[in-house]
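The structure appears below as structure tokens.
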Amino acid sequence: MTTQQRTAEVLGDIFAAVNERIVKHSVTYEEYQSAKDWLIRIGEAGEWPLFLDVFFEHTVENLASQRRSGSTGCIEGPYYVPGARQLDSPCTLPQRPDEPGEKLVFSGTVRDLDGTPLPGSIVDIWQADAYGYYSHFHPDPPDGNLRANVRTDEHGRFEITTVLPAPYEIPKEGPTGAMIIAAGWHHWRPAHLHMMVRAPGKRPLTSQLFFAGGNYLDDDVAGAVKPELILRLDRLDGQDGQDGQDGQDGLDGHYAAGYDFRLDPV
Ligand code: MBD
Ligand code: FE
């Protein structure tokens, strides 16, 4: 199909669907005007990436995932920043000296479809902090915080020390948040890690990983949770676990989670 044919077909079909729904719901001129004002505000507030990635990216991603046979993917979302610091595994993500939150060690192996480990592959990881804030997009965390390109070791393994992210709440002040309030929905995504995994000769994988037992796994506002992306969180007991005292050895609130990535060939 030529580009022009596909453009006309897809856009024509989407516009027809929207027009049908306008008829179905007898949308009024008042409603049309407020929708138009709202769309203008989305642009003015710079929320097109947020709005589109929350409400539509999951559908595009699900279609793309059907064309892969390695690890399943997940939406990229609006908060990726290329060029994060490069670190060799094992490593600790760049963080503040007083980074809030509970310690998490995330580890695993990057392999090809045959199960052969891929040394020197890159786990480009980014996440919200323990308040649900992403560096570069929220004033609190400094640039580069909780972001890195982690290189796997000679066994294809990575071991990344970080903190548990909090669930993410779509900001209520912006037009996306205001629309969610107007509809009576909720603003939350379950806590998650983002990653792009890259290796020479392999298709890059964009994914997210979630944590069993967390909130919003069943009603992610972005509709992006897949059961195979939910990790078990193992709590590693502190050395003073016997007497039940907390905070004596720095190991309390220390969690581990594991996941192996399998990359498709290009
Ligand atoms: C996020 O953190 C996110 O990952 C997505 C997809 C949308 C909004 C915020
Ligand atoms: Fe996110």
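Under the numbering used here, think of the first position of the sequence shown as 56, with each following residue one higher. A virtual CB, placed ideally from N, CA and C, is assigned to each residue, including glycine. The structure presented is a predicted model; accordingly, all values stated were derived computationally and were not measured.
- Task: Look at the alpha carbon of A186 and the alpha carbon of E154, and state the distance between them as a whole number of angstroms.
- Result: The residue labelled residue 186 in the question sits at position 131 within the sequence shown. The residue labelled residue 154 in the question sits at position 99 within the sequence shown. According to the sequence provided, residue 186 is Tyr. The question's Ala does not apply to it. Rounded to the nearest angstrom, the two C-alpha atoms are 10 Å apart.
- Query: Around the C-beta of V276, are 16 or more other C-beta atoms found within 10 angstroms, so that it is buried, or is it exposed?
  - Reply: Locating residue 276 in the sequence shown gives position 221, counting from the first residue. It counts as buried.
- Message: Would V73 and L318 qualify as a contact pair, given that the criterion is a beta-carbon distance under 8 Å?
- Response: Your numbering for residue 73 matches position 18 in the sequence shown. Your numbering for residue 318 matches position 263 in the sequence shown. Result no, Cβ atoms of V73 and L318 do not sit closer than 8 Å.
- Please classify G263: does DSSP put it in a helix, a strand, or coil? On the sequence shown, residue 263 is found 208 positions in, with the first residue counted as 1. First, the residue type needs correcting, since residue 263 is Gln and not Gly in the sequence shown. Reduced to three states, the DSSP call for Q263 is strand.
- Message: DSSP three-state label for A312, please.
- Response: Residue numbering aside, residue 312 sits at position 257 when the sequence shown is read from its first letter. It is a strand residue.
- Task: Check whether the stretch 268-275 touches the stretch 128-139, counting contact only when three or more Cβ pairs, one atom from each stretch, lie closer than 8 Å.
- Result: no
- Counting only the same chain and skipping the five closest in sequence on each side, list residues whose C-beta sits under 7 Å from that of E102. In the sequence shown, the residue the question calls residue 102 occupies position 47. The residues are G229, P230 and T231.
- Which whole-angstrom value is the C-beta distance of A237 and A183, which I expect to be below 8 Å? Taking the sequence shown and counting its residues from 1, the one referred to as residue 237 is at position 182. Taking the sequence shown and counting its residues from 1, the one referred to as residue 183 is at position 128. At roughly 25 Å, the Cβ-Cβ gap does not stay under 8 Å, so A237 and A183 are not in contact.
- Exposed or buried, what is Q263 when buried is set at 16 or more other beta-carbons lying within 10 Å of its beta-carbon? Position 208 of the sequence shown holds residue 263. Counting Cβ neighbours within 10 Å, Q263 comes out buried, since at least 16 surround it.
- Per-residue burial, P320 [other beta carbons within 10 Å of its own, 16 or more giving buried]: Counting from 1 along the sequence shown, the entry for residue 320 is found at position 265. Classification for P320: exposed.
- Message: At the 8 Å Cβ level, is G278 part of the contact set with chain B, yes or no?
- Response: Chain labels in this structure do not include chain B; a single protein chain is all it has.
- Item | Residue environment, G128, which counts as buried when at least 16 other CB atoms sit within 10 Å | In the sequence shown, the residue the question calls residue 128 occupies position 73. Buried: at least 16 other Cβ atoms inside 10 Å.
- Have a look at H191, L260 and F265 and flag the residue whose alpha-carbon is nearest the alpha-carbon of L219. Here residue 219 is taken as the residue at index 164 of the sequence shown, counted from 1. For the residues H191, L260 and F265, the minimum Cα distance to L219 belongs to F265.
- Message: At a cut-off of 7 Å, would you count A279 as near the ligand MBD, judging by its Cβ distance to the nearest heavy atom?
- Response: As a first step, residue 279 is located in the sequence shown; it is residue number 224 there, counting from the start. Yes.
- Between which two residues does the beta strand (DSSP E) harbouring F192 extend? Here residue 192 refers to the residue found at position 137 of the sequence shown. Note, F192: premise wrong, no beta strand (DSSP E); not H, not E.
- Item | Status (buried if at least 16 other CB within 10 Å, exposed otherwise) for Y87 | Residue 87 sits at position 32 when you count from the first residue of the sequence shown. It is exposed - the Cβ of Y87 has fewer than 16 other Cβ atoms within 10 Å.
- Message: Suppose the cutoff is 6 Å on Cβ atoms and the five residues either side in sequence are ignored; what does the same chain contact list for Y223 look like?
- Response: For the purposes of this step, residue 223 is taken as residue 168 along the sequence shown, with counting starting at 1. Hits under 6 Å: A183, G187 and R244.
- Message: I want to know whether the stretch 189-198 touches the stretch 207-218 - three or more CB-CB distances under 8 Å.
- Response: no
- Task: Can you tell me which of N204, D169, I225 and V178 puts its alpha carbon nearest to the alpha carbon of H193?
- Result: For the purposes of this step, residue 193 is identified with residue 138 of the sequence shown, where counting begins at 1. Per the Cα distances, I225.
- Item | CB contact flag (P133, L159, <8 Å) | Counting from 1 along the sequence shown, the entry for residue 133 is found at position 78. Counting from 1 along the sequence shown, the entry for residue 159 is found at position 104. Cβ atoms of P133 and L159: not closer than 8 Å.
- Item | Delimiting residues of the beta strand (DSSP E) encompassing F213 | Within the sequence shown, residue 213 is the residue found at index 158, counting from 1. Looking at the DSSP string, the run of the beta strand (DSSP E) that includes F213 is R212 to V218.
- Under three-state DSSP, which class holds D295? Locating residue 295 in the sequence shown gives position 240, where the first residue counts as 1. Residue confidence is low: D295 scores 44 on pLDDT, short of 50, so the model does not pin down where it sits. Its coordinate-derived value is still stated next. In the structure shown, D295 sits in coil (DSSP, three-state: anything other than H, G, I, E or B).
- alpha helix (DSSP H) runs contained entirely in the stretch 90-141, provided each spans 4 or more residues: 103-110 and 112-120
- Taking 7 Å as the cut-off, is the CB of H191 close to at least one heavy atom of the ligand MBD? Indexing the sequence shown from 1 puts residue 191 at position 136. False, no ligand heavy atom lies under 7 Å from that Cβ.
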